[in-house]
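A short worksheet on the structure shown next.
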Amino acid sequence: MKIFNKDDKMSSLVTGNYNLLPVINRFGIHLGFKEKTIGEVCEEQNIHTGFFLAIVNTYSDESYFPHAELLSFSPFLIIDYLMTTHQYYINYILPKIERLLNQVLLTCRKDCSSLKMINSFYQKYKAELLLHFQQEDEKVFPYIKELYNTRVIKDPNNTLAVFENEHTNVEVKLSDLKNLIIKYLEPNYDSNAMNEFLFALFQFEKDIFDHARIEDKILNVQVLKYEKQLKKLNGIG
Amino acid sequence: MEESVFIIHPSEIIRKGLAWILQEYFSMEITQLAAVSELSSFSEITNNQIIIIMEADCHIPDEIWKKLKRNNHLSVIGFLGHERKNNSYPAYEFELQERFTALQIQQLIQVVRKSVAKQRNIISVNGDLTVREKDVIRLIAMGYANKEIADRLNISIHTVISHRKNITEKLNIKSISGLTVYAIMNSLIDIKDINPEELI
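Chains V and U, in that order, give the protein sequences. Residue numbering for the first sequence follows the working numbering, beginning at 1 and increasing consecutively. Residue numbering for the second sequence follows the working numbering, beginning at 1 and increasing consecutively.
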């Protein structure tokens, strides 16, 4: 897949990979680009061009992940992006997925108990995911911001490593949900409705994979390293 | 084969409530009756899958019972008041308490579904899981840890881990709640045996 640079047309980003649309929206960029390049649009909107490019490129090509470059961005920039992404999931994606699942439930013909079970499983997954977002938005991210602002480790026993990382758990459940439907659920529902639900799940899986990757491999790596430096400076540990 | 459910209870609130819950899950016909005697109007039903939910201390008149039983596939779910009486009906598939919890409702759903599935003669296909793997998945769904599973099946903990690995590879389902849903959907386990934390 093509790696985009700042002289490419912004419109080519969308025509090249329409899955990037919600990603660029998260930066506050919307359609109607005319002939402007990526660099021009970013400058106009006061967006860090390098960061924008790194995000869209890693998103559109899973094998592309420039660690060194990504690690050079400010954690504040990354947190902003991650929090906007959370909002996009909470306000748009999860309600949409739920709506599509309800559509499937409405088309169920006989004995819907297995489908109901799938619904319970989804609800459990969603609850865990929301809790995970909440934990990050209310505890982890504020902690990191404060750490960089004050440059002090308040409590050596309460650092990033303490915040439990539940990414794997929620990822596993999403994959289980798909597999249960694809392999084991009796197809006593409308196929088109189920397809839409599954498409949404696949797309969400891809999105959240990328999201988790930035968080785990970039933000967390930055912070752990920073904490180490601070501990040395403060003579702890 | 048609499926029909009879809810027999003098309390209209209980009848309607149960009917409402069951309708959420099944598209079968649900008939609400205030007394067992009213069942006589339905004794001509033939070739139906009939599920009767009624108070445990009531008795279906022999004549109606025999007729229904002869011509249909019949299952009875007993409904207990808070005072348990001794002369309870012998043939209950499930006993429902009056103050039932959400979990009991799920159990009821499971019982109803099982009776339906039995009749449809659906032999569930459990992938290529071996008998041992099915034992393990059952215990996983019941919330047991590896060590406990090992003790119960009299095998080593390493064997349990290797079974788990094989199960996960075969089914491509990794989470405990995912495996629990699988076990229920494939009738490997009854919903009342599971760890409710894992599902609802």
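A virtual CB, placed ideally from N, CA and C, is assigned to each residue, including glycine.
Fill in: Euclidean distance between Cα positions of Ser187 (chain U) and Asn19 (chain V)
Straight-line Cα distance between these residues: approximately 40 Å.
Discussion item. Helix, strand or coil, according to DSSP, for Leu188 (chain U) in the structure here?
Written reply: coil
Item to complete: Quick one: measure Cβ to Cβ for Pro75 (chain V) and Gln222 (chain V), integer angstroms, because I've assumed they're closer than 8 Å.
Response: 5 Å
Fill in: Asn73 (chain U), DSSP secondary structure in three states
Correcting the residue identity first, residue 73 (chain U) is His in this sequence and not Asn. Note: His73 (chain U) maps to strand in three-state DSSP.
Practice prompt. Enumerate in chain order the residues of its own chain whose CB-to-CB distance from Ser114 (chain V) is below 7 Å, with the five nearest sequence positions on each side excluded.
Written response: Leu185 and Glu186
Worksheet item: Below 8 Å, can you find three or more Cβ-Cβ pairs linking the region 138-146 of chain U to the region 175-192 of chain U?
Response: yes
Practice prompt. Measure the CB-CB distance between Ser4 (chain U) and Ile30 (chain U) and report whether it falls below 9 Å.
Written response: yes
Worksheet item: Which term fits Ala183 (chain U), buried or exposed, when burial requires 16 or more other beta carbons within 10 angstroms of its beta carbon?
Response: Ala183 (chain U) is buried by the Cβ-count criterion.
Item to complete: Taking C-beta pairs closer than 7 Å, name the residues in chain U that Leu180 (chain V) reaches, listed in chain order.
Response: Ile173, Gly178, Val181 and Tyr182
Discussion item. In whole angstroms, give me the CA-to-CA distance for Gly50 (chain V) and Glu62 (chain V).
Written reply: 18 Å
Worksheet entry | Between the CA atoms of Pro156 (chain V) and Tyr143 (chain V) - distance to the nearest angstrom | 13 Å
Worksheet item: What residues are listed by DSSP as bridge partners for Val5 (chain U)?
Response: U:Ile30 and U:Ile51
Worksheet entry | Met194 (chain V) to Arg99 (chain V) span [Cα, whole Å] | 11 Å
Worksheet item: Are the C-beta atoms of Asn46 (chain V) and some chain U residue less than 9 Å apart?
Response: It does not; no Cβ of chain U falls within 9 Å.
Worksheet item: Does any residue of chain U bring its CB to less than 9 Å from the CB of Leu301 (chain V)?
Response: Since the first residue of chain V shown is 1 and the last is 237, residue 301 (chain V) is not available in this structure.
Discussion item. Could you compute how far the alpha carbon of Arg15 (chain U) sits from the alpha carbon of Leu33 (chain U)?
Written reply: 8 Å
Discussion item. Quick check on Thr150 (chain V): does DSSP put it in helix, strand or coil?
Written reply: helix
Discussion item. Can you tell me which residues form a DSSP beta bridge with Ile37 (chain V)?
Written reply: Reading off the sequence, residue 37 (chain V) comes out as Thr, not Ile. Answer is V:Lys9.
Worksheet item: Among U:Ile50, U:Val36 and U:Ile45, which has the Cα closest to the Cα of Ala56 (chain U)?
Response: When each option's Cα is compared against that of Ala56 (chain U), the closest is U:Val36.
Item to complete: List the residues of chain V that Met185 (chain U) touches, going by C-beta distances under 9 Å, in chain order.
Response: Ser113, Ser114, Met117, Ile118, Leu180, Tyr184, Leu185 and Glu186
Item to complete: Drop a sphere of 10 angstroms on the beta-carbon of Thr58 (chain V), count the other beta-carbons inside from all chains shown, and report buried for 16 or more, exposed for fewer.
Response: buried
Item to complete: Please go through the same chain and pick out, in chain order, the residues whose beta-carbon is closer than 7 Å to the beta-carbon of Gly39 (chain V), but skip the five residues on each side of it.
Response: Lys6, Asp7 and Thr49
Worksheet item: Got a sec: which bits of the region 120-132 of chain V sit with their beta carbon under 7 Å from any beta carbon on chain U, in order along the chain?
Response: Taking 7 Å as the Cβ-Cβ cut-off, the region 120-132 of chain V approaches chain U at Ser120, Phe121 and Lys124, given in chain order.
Worksheet item: So, using beta-carbon positions, are Ile79 (chain V) and Leu219 (chain V) closer together than 9 Å?
Response: yes
Worksheet item: Can you list the residues of chain U that Lys173 (chain V) reaches, using a CB-CB cut of under 9 Å?
Response: Residues of chain U with a Cβ closer than 9 Å to the Cβ of Lys173 (chain V) are, in chain order, Lys174, Ser175, Ser177 and Gly178.
Item to complete: Could you confirm whether any beta carbon from chain U is found closer than 9 Å to the beta carbon of Asn169 (chain V)?
Response: yes
Worksheet entry | Endpoints, the alpha helix (DSSP H) within which Gly50 (chain V) is located | Thr49 to Ser60
Worksheet entry | Where the region 15-34 of chain U meets chain V: residues whose CB sits under 7 Å from a CB there | Result list: Tyr25, Phe26 and Ser27.
Worksheet item: According to DSSP, is Arg109 (chain V) helix, strand or coil?
Response: coil
Worksheet item: Which chain V residues are close to Ile137 (chain U), counting only those with a beta carbon under 7 Å from its beta carbon?
Response: Listed along chain V, no residue sits closer than 7 Å to Ile137 (chain U) by beta-carbon distance, the nearest being about 13 Å off.
Practice prompt. Could you check which residue in U:Arg113, U:Arg70 and U:His158 has the C-alpha nearest to that of Glu44 (chain U)?
Written response: Minimum Cα distance to Glu44 (chain U) is reached at U:Arg70.
Discussion item. For Leu160 (chain V), tell me which candidate among V:His30, V:Gly32 and V:Lys231 has the shortest Cα-Cα distance.
Written reply: V:Lys231
Worksheet entry | Residue ranges of each alpha helix (DSSP H) within the region 146-190 of chain U, 4 or longer | 146-153, 157-171 and 176-185
Worksheet item: Going by C-alpha distance, which of V:Ile90, V:Thr15 and V:Asp210 is nearest Glu171 (chain V)?
Response: V:Asp210
Practice prompt. Flag Cys42 (chain V) as yes if its beta-carbon sits less than 9 Å from any beta-carbon of chain U, otherwise no.
Written response: no
Discussion item. Taking 8 Å as the cut-off, does the region 198-208 of chain V touch the region 93-110 of chain V (at least 3 CB pairs, one atom from each stretch)?
Written reply: yes
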